[in-house]
Each structure stands twice: as structure tokens, then as C-alpha cells.
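Chemist: Numbering-wise (the UniProt record's numbering), the sequence shown opens with residue 1 and increments by one. Glycine is no exception: its CB is placed at the ideal position from the N, C-alpha and C atoms.
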Amino acid sequence: MSASQITASRTGEVPTLLVKVFGKDRPGITAGLFDTLAAFQVDVVDIEQVVTRGRLVLCALVTQPGEGLEGDLRSTVHSWAESMKMQAEIISGHGDNRPRGVGRSLVTVLGHPLTAESTAAIAARIAGAGGNIDRIFRLAKYPVTAVEFAVSGVATEPLRSALAASASALGVDIAVVSAGLHRRAQRLVVMDVDSTLIQDEVIELFAAHAGCEAEVAAVTEAAMRGELDFEQSLHARVALLKGLDASVVDKVREEVRLTPGARTLIRTLKRLGYQVGVVSGGFTQVTDALQDRLGLDFAHANTLEIADGKLTGKVTGEVVDRAGKARLLRRFAAEAGVPLSQTVAIGDGANDLDMLNAAGLGVAFNAKPVVREAAHTAVNFPFLDTVLYLLGVSREEVEAAQTHDED
Ligand SMILES: [Mg+2]
1 MSASQITASR TGEVPTLLVK VFGKDRPGIT AGLFDTLAAF QVDVVDIEQV VTRGRLVLCA
61 LVTQPGEGLE GDLRSTVHSW AESMKMQAEI ISGHGDNRPR GVGRSLVTVL GHPLTAESTA
121 AIAARIAGAG GNIDRIFRLA KYPVTAVEFA VSGVATEPLR SALAASASAL GVDIAVVSAG
181 LHRRAQRLVV MDVDSTLIQD EVIELFAAHA GCEAEVAAVT EAAMRGELDF EQSLHARVAL
241 LKGLDASVVD KVREEVRLTP GARTLIRTLK RLGYQVGVVS GGFTQVTDAL QDRLGLDFAH
301 ANTLEIADGK LTGKVTGEVV DRAGKARLLR RFAAEAGVPL SQTVAIGDGA NDLDMLNAAG
361 LGVAFNAKPV VREAAHTAVN FPFLDTVLYL LGVSREEVEA AQTHDED
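1. Put N302 into one of helix, strand or coil per three-state DSSP.
2. Flag this pair as touching only if the region 80-89 and the region 30-41 have three or more C-beta atom pairs under 8 Å; answer yes or no.
3. Measure the C-alpha to C-alpha separation of P260 and A167 and round it to an integer number of angstroms.
4. Am I right that A121 and D134 are in contact with their C-beta atoms under 8 Å? What's the rounded C-beta distance?
5. Rounded to whole angstroms, what is the Cα-Cα separation between H235 and G313?
6. Between D250 and ligand 1, is the CB less than 7 Å from at least one heavy atom?
7. If I measure Cβ to Cβ from V42 and keep anything under 6 Å in the same chain, skipping five residues before and after, which residues do I get?
8. Let me check understanding here. Comparing Cα to Cα, which of M86, P382, F40 lies closest to D72?
9. Let's test the definition: count the other Cβ atoms within 10 Å of the Cβ of S280 and tell me whether it reaches 16, buried, or not, exposed.
10. Jot down the residue ranges of each uninterrupted alpha helix (DSSP H) in the region 198-234, minimum 4 residues, whole runs only, in chain order.
11. CB of S195 to nearest heavy atom of ligand 1: below 7 Å?
12. Out of E396, Q342, G273, state which residue places its alpha-carbon closest to the alpha-carbon of G180.
13. Is any heavy atom in ligand 1 found nearer than 7 Å to the beta carbon of G277?
14. Flag G130 as yes when its Cβ comes closer than 7 Å to any non-hydrogen atom of ligand 1, and as no otherwise.
15. Mind checking whether K310 and D245 have CB atoms under 8 Å apart?
16. Going residue by residue through the UniProt domain "ACT" (18-98), where are the continuous alpha helix (DSSP H) segments of at least 4 residues, counting only ones entirely within it?
17. DSSP three-state label for K368, please.
18. Find the nearest neighbour of R138 within the set A129, V45, T108, D250, judged by alpha-carbon distance.
19. So G277 and A299 are in contact, right, with Cβ under 8 Å, and what is the actual spacing, rounded?
20. Taking Cβ positions, are E213 and E204 nearer each other than 8 Å?
21. Using DSSP bridges, identify the partner residues of A150.
22. According to the neighbour-count rule (16 or more other Cβ atoms, all chains shown, within 10 Å of its Cβ), is A88 buried or exposed?
23. I need the straight-line Cα distance from E397 to V238, nearest angstrom please.
24. How big is the Cα-Cα spacing for V190 and T76?
25. What's the gap between the Cα of K20 and the Cα of D352?
26. Is any heavy atom in ligand 1 found nearer than 7 Å to the beta carbon of G349?
27. I want to check one thing, is the minimum distance from the CB of D200 to the heavy atoms of ligand 1 below 7 Å?
28. To which residues of the same chain is F283 closer than 7 Å at the C-beta, ignoring the five residues directly before and after it?
29. Taking the beta strand (DSSP E) that T312 belongs to, which residues open and close that run?
30. Short of 8 Å in beta carbon distance, which residues of its chain neighbour E13, apart from the five on each side in sequence? Order them along the chain.
31. Please go through the region 312-399 and give each complete alpha helix (DSSP H) segment of 4 or more residues, from N-terminal end onward.
32. Within 8 Å, do at least three Cβ pairs link the region 164-178 to the region 121-130?
33. Could you give the distance in angstroms between the alpha-carbon of R257 and the alpha-carbon of D200?
34. Is there at least one non-hydrogen atom of ligand 1 closer than 7 Å to the beta-carbon of D354?
35. Taking D194 as part of the alpha helix (DSSP H), name the residues at either end of that continuous run.
36. Is it buried or exposed for T11, if we count other Cβ within 10 angstroms and need 16 for buried?
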């Protein structure tokens, strides 16, 4: 039997008192209130406490005191509150909280800034879809304002559809996931590399050394828009690198720039016990180095063929394309012992779409519109660590993970 069931069976429809205390937060308020209540031998049914900008709201739902003692309890609590320069309100009623509706979701909203107008629109959309907001919690204020709404009374899918349309119009990112234990059980994150984990497109870095940047960039753009078959475009671009000295590989490795927040994301995920991998339509010559540098559990990419100290203009082995990325996500999940429904995939390009759709949560990261619209959710801020907020990880947890690492 769960704790809430025990509480429910004990309280049933018995009379209860809701005691609300509001005022400047300081140590000892909670102890003081319950010390005052203890004199009446009441039991605690529920407690909620929130502190916002130094102001505390403490709500306690307690059983009724013995016959004829409610008046006494009320005046004692009020005089205690007055002595603490707090306001108190006591409301009589029956039983516990109203049971939460069927269908529970977590709606994470990322805004920079998060305006009152967009908050109003999101709340109205939730209500319009038949949802009730049970709790609201700020996950982070940096680098974006991230707020999580716990919603019940509507299934996750219709809620997601109701909110997806609003997000870009409101200038916010919204992720809707089903609430429950499985969210905490998400244990594998697989990322794309080019323009996701790193700011660059690796083939363009090679192309710069080969003096064929413009040709390669044009093919990349068309492929990312989904206008070209990825495998054909890969072969066409790699062919342009033929004859390039192999020493360029080291130079390119040094030129690669991680996306802001990449280290924080990976470090935090690892501390939380996630496994983290990358799949790339780029090259093992770069992803292997990233795997070492970042402590990634999995990495897979294409390999540039090198013969006699020169790039041959070919790739070896099975090509990692759109379908290949989804296949690798499945393979990593199997190796990690994580069900696919508990995986998270992050990517920006059309060749990430199969992987994003196969994952339990697919996150389009600063993606092209075609990708953004097809993914479960999108992040349109250039900080990779904001993805953590979509997973319900708070900034405090992120900072705790960092402090721990520096110890
Ligand atoms: Mg990419």
C-alpha cells in the first residue's frame, strides 16, 4: 500500500483543517508551526512548502483536534503567527486532497525570457485540453528560465499536440512527457555530433583544408534539408577530399568546438547514472577523440579511408545514415540494457529524424523546421545543457554534479 493510500484510508471523509502560513522565510517557521499544532495532538495529512524570493507559503493539512478544541487551535496558531510576523489562515473541511485526474504529464517550458503572456497562453492551452495544473516548479533560471508544470486529467499525446503548436508562436520551447517512474528511469542519451554536440560540421572543416568549402557546404545544406539522400551526399562530399594529407585529421580534431553546455550536459548525465553515446554521419577520426575526451559510453561514425598518408576520398564500412542512426540507437540501448522507451535522442538534421522518433524522447536541437516539427520536442536555445531541464533535472542538481566533479 502506498503512503498516500494509507493516508486516504485513514482520513477518508473525516474533518480536516487546512492551515496556511505566509510571510518572510527564516529558520524555525516549520518547526514553530508544528510545535504549536502538536499541543492539539493532530496528525499530518499533507504538507507543501514553497519559498519564492524569500517569502514562504507553508500549507499543512491536519486532522481535526479533539471535541471542542478547534477554536483553541485557531487562536493559538494565529497568535503564534502574529508573534512570528506571519499571516495565517485556517480553513475547515473534509478529507484529503481531491484525487488527481487520470493521465499525468510533465510540461517543461523553457523561455528566455519567459513572459507572463506566454505563461498565460500555455496555462489556457492546458485547461483547454482538459488538463488541470497540479503543481508548478521552477527548475532553472540559467541559462534559460525553465518551469515544470505537473498536469493531470488529460493523456500525454493530446496535451502534447495542444501545446506543440503554441511553442514557436510564443517564443518558448515546450516538452510534454508522461509523468511517472519511467521518466526517472531514462538511462541512455544518444546525440548527433555535427551541429549538436559540436558547433561545426566536421566535413566542412576538412573541406576548408581541401579548398572545397563552398561545394561541400552546398551539398550538406541540401542533405540536412532532406532534399538529398544522405549516403549519396556523403560519398559526393568525401570524394572532394581525395588526396588531402592525413595530417589534416589532427588539425581538424583541434578545430572542433564543443557546443556551449555540452560538457555540463554530459558530466551531469554521467553523475546521474545515465549512459551517453554519439552517432554521427561524420567520422570516427573525430568522434573517437570526442569519446575519449568526454568519457562517452558509445560512439559510432563513418571512417575516412586513408592510404599512403592521404585521404582516398572514400569511407570504409557500413555508412551511418538516417536509418543507420536509428539502428545504432537500438543497438546502444540493447547494450546498455535500457528499453527504447527510456532513451533520449538529440539531433538537428533530417538524418536524425528516425533516431529522434525511435527514442522515448526525441529532442530537436536548434534544428531545421522539418526536424523541429517532427520531433517530440525542440530546444531552440544554443545551450546543450538546457536539455537537462526537459529531463526534469534542476539547475541545482546540475551545479551539484559539477561541484562533486571538482572535489
Ligand atoms: Mg547534425
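Modeler: For this structure:
1. Within the sequence shown, residue 302 is the residue found at index 302, counting from 1. In the structure shown, N302 sits in a strand (DSSP, three-state: E or B).
2. yes
3. Within the sequence shown, residue 260 is the residue found at index 260, counting from 1. Within the sequence shown, residue 167 is the residue found at index 167, counting from 1. Cα-Cα distance, rounded: 23 Å.
4. Along the sequence shown, one-based indexing puts residue 121 at 121. Along the sequence shown, one-based indexing puts residue 134 at 134. Between D134 and A121 the Cβ distance is about 19 Å, and since that is not below 8 Å, they are no contact.
5. If you number the sequence shown from 1, residue 235 lands on position 235. If you number the sequence shown from 1, residue 313 lands on position 313. Going by the C-alpha atoms only, they are around 8 Å apart.
6. The count along the sequence shown starts at 1 and reaches residue 250 at position 250. Checking the Cβ of D250 against ligand 1 gives no.
7. Against the sequence shown, residue 42 aligns to sequence position 42. Closer than 6 Å at the Cβ level, and outside the excluded window around V42, lie V62, T63, P65.
8. Along the sequence shown, one-based indexing puts residue 72 at 72. With distances taken between Cα atoms, D72 lies closest to F40.
9. As a first step, residue 280 must be located in the sequence shown, where it is residue number 280. Classification of S280: buried, given that the 10 Å Cβ count is 16 or more.
10. 202-210, 213-224
11. The sequence position of residue 195 within the sequence shown is 195, counting from 1. Under cutoff, so the answer is yes.
12. Numbered from its first residue, the sequence shown carries residue 180 at position 180. Checking every option, the nearest Cα to that of G180 belongs to Q342.
13. Sequence index remark: in the sequence shown, residue 277 carries index 277 (1-based). For G277, the distance from the CB to the nearest heavy atom of ligand 1 is not below 7 Å.
14. For the purposes of this step, residue 130 is identified with residue 130 of the sequence shown, where counting begins at 1. No; taking the cut-off as 7 Å, the Cβ of G130 has no heavy atom of ligand 1 nearer than that.
15. Taking the first residue of the sequence shown as position 1, residue 310 is located at position 310. Taking the first residue of the sequence shown as position 1, residue 245 is located at position 245. Their beta carbons are under 8 Å apart, which means K310 touches D245 by this criterion.
16. 29-38, 70-83
17. Against the sequence shown, residue 368 aligns to sequence position 368. Correct three-state label for K368: coil.
18. Within the sequence shown, numbered from 1, the residue matching residue 138 stands at position 138. The residue with the shortest Cα to Cα distance from R138 is T108.
19. Within the sequence shown, numbered from 1, the residue matching residue 277 stands at position 277. Within the sequence shown, numbered from 1, the residue matching residue 299 stands at position 299. The pair is a contact, with the Cβ atoms about 6 Å apart (cut-off 8 Å).
20. On the sequence shown, position 213 is the one that residue 213 refers to. On the sequence shown, position 204 is the one that residue 204 refers to. Against a cut-off of 8 Å, the Cβ pair of E204 and E213 comes out as a contact.
21. Within the sequence shown, residue 150 is the residue found at index 150, counting from 1. According to DSSP, which records beta bridges pairwise, A150 is partnered with L106, R135.
22. Taking the first residue of the sequence shown as 1, we reach residue 88 at position 88. Buried, because 16 or more other Cβ atoms sit within 10 Å of the Cβ of A88.
23. The count along the sequence shown starts at 1 and reaches residue 397 at position 397. The count along the sequence shown starts at 1 and reaches residue 238 at position 238. Taking the straight line from one Cα to the other gives about 42 Å.
24. Residue mapping note: residue 190 aligns to position 190 of the sequence shown, counting from 1. Residue mapping note: residue 76 aligns to position 76 of the sequence shown, counting from 1. The straight-line gap from Cα to Cα measures roughly 57 Å.
25. Along the sequence shown, one-based indexing puts residue 20 at 20. Along the sequence shown, one-based indexing puts residue 352 at 352. Whole-angstrom Cα-Cα distance: 50 Å.
26. Against the sequence shown, residue 349 aligns to sequence position 349. Using a cutoff of 7 Å, the CB of G349 counts as near ligand 1, since one of the ligand's heavy atoms is closer than that.
27. Locating residue 200 in the sequence shown gives position 200, where the first residue counts as 1. Every heavy atom of ligand 1 is 7 Å or more from the Cβ of D200, so no.
28. As a first step, residue 283 must be located in the sequence shown, where it is residue number 283. Result list for F283: V202, A301, N302, T303, L304, in chain order.
29. Position 312 of the sequence shown, counted from the first residue, corresponds to residue 312. Counting along the chain, the beta strand (DSSP E) containing T312 begins and ends at 310-316.
30. Looking up residue 13 in the sequence shown gives position 13. Closer than 8 Å at the Cβ level, and outside the excluded window around E13, lie H94, G95.
31. The region 312-399 contains, as complete alpha helix (DSSP H) runs of 4+ residues, the segments 322-336, 353-358, 369-374, 387-390 (chain order).
32. yes
33. Position 257 of the sequence shown, counted from the first residue, corresponds to residue 257. Position 200 of the sequence shown, counted from the first residue, corresponds to residue 200. When rounded, the distance between both Cα atoms is 7 Å.
34. Here the question's residue 354 lines up with position 354 in the sequence shown. Answer for D354: no, Cβ out of range of ligand 1.
35. For the purposes of this step, residue 194 is taken as the residue at position 194 of the sequence shown. Run containing D194: none; DSSP gives neither H nor E here.
36. Here residue 11 refers to the residue found at position 11 when the sequence shown is read from its first residue. No answer about T11 holds up, because its pLDDT of 45 lies below 50 and its placement is not dependable.
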